[in-house]
Amino acid sequence: MLSQKNFTPTFSFEFFPPQTPEGMEKLRATRIQLARFNPKFFSVTFGAGGSTRERTLETVLEIQAEGSPVAPHLSCIGSTRDNIRSILEKYHSHNIRHIIALRGDLPSGMAQAGEFRYANELVAFIRKEFGDTFWIEVAAYPEYHPQARSALEDFTNFRRKVEAGANAAITQFFYNVDAYLHFVEMCEAANISVPIVPGIMPISKFSQLARFSDGCGAEIPRWIRKKLESFGDDIPSIQAFGLDVVTALCARLLEAGAPGLHFYTLNSAVLPTKIWQRLGLTGH
């Protein structure tokens, strides 16, 4: 973890673009509450095949207008170079210089991957077209991408993204600290020394968490899963237990030298706020 201790810890929060006016209002309230913590940035997700393209842009520009640093996600699967270039030019024209570059998932019903197959190709394209204009973050998978055929293949894919020009990485959520520590050790052995910020998923509902876990390959340790199952539909007990688990996870990560935390908020400030306060954090 020596490489990670060299970086100043940064803290950030992720949102998804709401589909309704009510959702937009809720997200505005969430941002107001979380902005008090002076995060390094807010990120905004980008739907499969750019399905939320306009809503992502709208949300990003609104956050920027509020005076908060913002980093839009940009996924390339199912897209073309012209489409990606157009999006990046629009962000550039609005003075947005921070991108989270992802492969993304192929939209349902779409047979072709488009002109990009992997995130390293997107990173290379951004560097070729825009040089060092953008700070580029990419995804990392301490417990391996669910579509990776082997641990070596998955790590090789990550290394390609860094070699293509990524500045930093944010991990998929996890609850096993050793998985993150081992991933960082692999990076250090391969002379990869970019910040690798842990992605943090607060625990709100067990069924929701299980669905996310199944979809992205993040393991819910058996002891956590069994404890959550034992609560049934008792949401307050699930959240109280989840707060203990996730706060302890964050504390261990920061103590070990992790360069910050990136919270997957699901557009709610409640649990991230409680975790933040328990940890006694002070922002970036």
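340 is the number that our numbering gives the last residue of the sequence shown; the numbers go up by one with no jumps.
Heads up, the beta-carbon is just placed ideally off N, CA and C, and yes, glycines get one too.
For Pro-95, the residue or residues it bridges with in DSSP | As a working note, residue 95 is residue 39 in the sequence shown. According to DSSP, which records beta bridges pairwise, Pro-95 is partnered with nothing at all.
Backbone secondary structure at His-201 - three-state DSSP = Position 145 of the sequence shown holds residue 201. Looking at His-201 - three-state DSSP - the assignment turns out to be coil, as it is neither helix nor strand.
As assigned by DSSP and simplified to three states, the class of Val-302 = By one-based count along the sequence shown, residue 302 stands at place 246. DSSP places Val-302 in helix when its eight states are reduced to three.
Who are the near neighbours of Ala-307 in its chain, counting only those whose CB is closer than 7 Å to its CB and skipping five residues on each side?
-> Translated into positions along the sequence shown, residue 307 becomes position 251. Taken in chain order, the residues that qualify are Leu-335.
Is the CB-CB distance between Pro-95 and Phe-67 below 8 Å?
-> Translated into positions along the sequence shown, residue 95 becomes position 39. Translated into positions along the sequence shown, residue 67 becomes position 11. Going by C-beta atoms, Pro-95 is nearer than 8 Å to Phe-67.
Residue environment, Ile-291, which counts as buried when at least 16 other CB atoms sit within 10 Å | As a first step, residue 291 must be located in the sequence shown, where it is residue number 235. By the neighbour-count rule (16 or more Cβ atoms within 10 Å), Ile-291 is not buried but exposed.
For the putative contact between Ala-175 and His-154, defined by C-beta atoms under 8 Å, what is the C-beta separation to the nearest angstrom?
-> In the sequence shown, residue 175 corresponds to position 119, counting from 1. In the sequence shown, residue 154 corresponds to position 98, counting from 1. Not really, about 16 Å apart at Cβ, beyond 8 Å.
Nearest-angstrom Cα distance between Thr-101 and Gly-273?
-> Taking the sequence shown and counting its residues from 1, one reaches residue 101 at position 45. Taking the sequence shown and counting its residues from 1, one reaches residue 273 at position 217. When rounded, the distance between both Cα atoms is 19 Å.
What does DSSP give as the partner residues of Ala-196 in its beta bridges?
-> As a working mapping, residue 196 is identified with position 140 in the sequence shown. Answer by DSSP bridge pairing, in chain order: Thr-227.
Residue range of the beta strand (DSSP E) that Ser-131 falls in?
-> The residue labelled residue 131 in the question sits at position 75 within the sequence shown. Note, Ser-131: beta strand (DSSP E), 126-131.
Short Cβ contact (8 Å threshold) for Ile-331 with Val-302 | In the sequence shown, the residue the question calls residue 331 occupies position 275. In the sequence shown, the residue the question calls residue 302 occupies position 246. The answer is yes: Cβ separation under 8 Å.
Could you work out which residue in Ser-269, Gly-255, Phe-262 and Gly-271 is closest to Ser-286 when comparing CA atoms only?
-> As a position in the sequence shown, residue 286 is number 230, starting the count at 1. It is Phe-262 whose Cα lies nearest to the Cα of Ser-286.
Would you mind working out which of Phe-98, Asp-161, Gln-75 and Glu-311 sits nearest Ala-325, comparing C-alpha positions?
-> Along the sequence shown, one-based indexing puts residue 325 at 269. Measuring from the Cα of Ala-325, the nearest candidate turns out to be Phe-98.
What do you get for Thr-338, buried or exposed, if any count of 16 or more other CB atoms within 10 angstroms of its CB means buried?
-> Mapped onto the sequence shown, residue 338 falls at position 282. Thr-338 comes out exposed.
Alpha carbon to alpha carbon, how far is Thr-136 from Arg-205?
-> Your numbering for residue 136 matches position 80 in the sequence shown. Your numbering for residue 205 matches position 149 in the sequence shown. Cα to Cα, Thr-136 sits roughly 26 Å from Arg-205.
Pick helix, strand or coil for Phe-72, following the three-state DSSP scheme.
-> Within the sequence shown, residue 72 is the residue found at index 16, counting from 1. Correct three-state label for Phe-72: coil.
Indicate whether Phe-239 and Met-257 have their beta-carbon atoms separated by less than 8 Å.
-> Reading the sequence shown from its first residue, position 183 is the one you call residue 239. Reading the sequence shown from its first residue, position 201 is the one you call residue 257. No, the pair does not count as a contact, with Cβ atoms beyond the cut-off.
Please name the residue in Phe-211, Arg-173, Ala-220 and Thr-64 whose C-alpha comes closest to that of Lys-184.
-> Position 128 of the sequence shown, counted from the start, is the residue given in the question as residue 184. Checked all of Phe-211, Arg-173, Ala-220 and Thr-64; the closest Cα to Lys-184 is Ala-220.
Does DSSP put Ala-157 in a helix, in a strand, or in coil?
-> In the sequence shown, counting from the first residue as 1, residue 157 sits at position 101. Three-state result, Ala-157: strand.
Can you name the residues that DSSP bridges to Trp-191?
-> Counting from one through the sequence shown, the residue named residue 191 turns up at place 135. DSSP, once it has assigned bridges, lists His-154 as partnering Trp-191.
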